[in-house]
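Visitor:
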Amino acid sequence: MTKDIDWDHPNDPREGTWQLDHVKLYAGSNGAEGHRWNGTQTLLLTTVGRVSGEPVRTPLIYGEADGRYLIVASKGGDSAHPLWYRNLTEHPEVRIQVGPEVIQGVARTATPEERAAYWPVMVGHWPAYDEYQTKTDREIPIVVIEPLA
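Going by the numbering used here, the letters in the sequence shown line up with residues 495 to 643, in that order.
#1: What is the rounded straight-line gap between the Cα of T603 and the Cα of V637?
#2: Comparing alpha-carbon positions, which option in I499, V615, D631, E625 lies nearest A559?
#3: DSSP state of R508, grouped into three classes?
#4: Along the chain, which unbroken stretches of the beta strand (DSSP E) at least 3 residues long are found entirely within the stretch 592-635?
#5: Leaving out the 5 sequence neighbours to the left and right, which residues in its chain are closer than 6 Å to Q513 when beta-carbon positions are compared?
#6: Below 8 Å, can you find three or more Cβ-Cβ pairs linking the stretch 525-533 to the stretch 564-571?
#7: According to DSSP, is R580 part of a helix, a strand, or is it coil?
#8: Kindly identify the DSSP beta-bridge partner or partners of W531.
#9: What does the Cβ neighbour count give for G599, buried or exposed, with the cut at 16 atoms within 10 Å?
#10: Starting from L642, follow its DSSP beta bridges and name the residues at the other end.
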């Protein structure tokens, strides 16, 4: 794991965003509120900034498969990957909060075979992912987070 990272004091989304409101609700209630959101489930992902080296926290929809957590780097179908995805490709060590549980893990991009299997799982959680994929030429990655023992 990355040394000297203050995982307990991450930088949150910028002021005035729904993401910041969501993080404050989730973290402030220790996951009792915010885990369920708009008919799906969310976690808080903390990555290490590839430029700053500081922890950064983001709320994301997630799924589960084979004892792993799955998240989608969709950015709503934007042509560029989200910053959190770019962070974890540089620093794969992550922390997630799933409800009240806080888990250290290692993140990686799903293999093509995994992506084919996991894409329908994630569309089941958030059907708009299919629409997002049609809006961009990039293949939207699925990230697999493997919890550390």
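Yeah, the Cβ is synthetic: ideal placement off N, Cα and C, and Gly gets one too. Note that the coordinates shown come from a computational prediction; the quantities given were computed from them, not determined experimentally.
Guide: Inspection of the coordinates gives the following:
#1: Within the sequence shown, residue 603 is the residue found at index 109, counting from 1. Within the sequence shown, residue 637 is the residue found at index 143, counting from 1. Taking the straight line joining both Cα atoms gives about 5 Å.
#2: Residue 559 sits at position 65 when you count from the first residue of the sequence shown. Selected option, being the one with the closest Cα: V615.
#3: Position 14 of the sequence shown, counting from 1, holds the residue named residue 508. If DSSP states are grouped into helix, strand and coil, R508 belongs with coil.
#4: Here the runs fully enclosed are 595-603.
#5: Residue mapping note: residue 513 aligns to position 19 of the sequence shown, counting from 1. Contacts found: P507, P553.
#6: No, the stretch 525-533 is not in contact with the stretch 564-571.
#7: Numbered from its first residue, the sequence shown carries residue 580 at position 86. Here DSSP, grouped into helix, strand and coil, assigns R580 to helix.
#8: Position 37 of the sequence shown, counted from the first residue, corresponds to residue 531. Per DSSP, T534.
#9: Mapped onto the sequence shown, residue 599 falls at position 105. Buried: at least 16 other Cβ atoms inside 10 Å.
#10: By one-based count along the sequence shown, residue 642 stands at place 148. L642 pairs with nothing; no bridge assigned.
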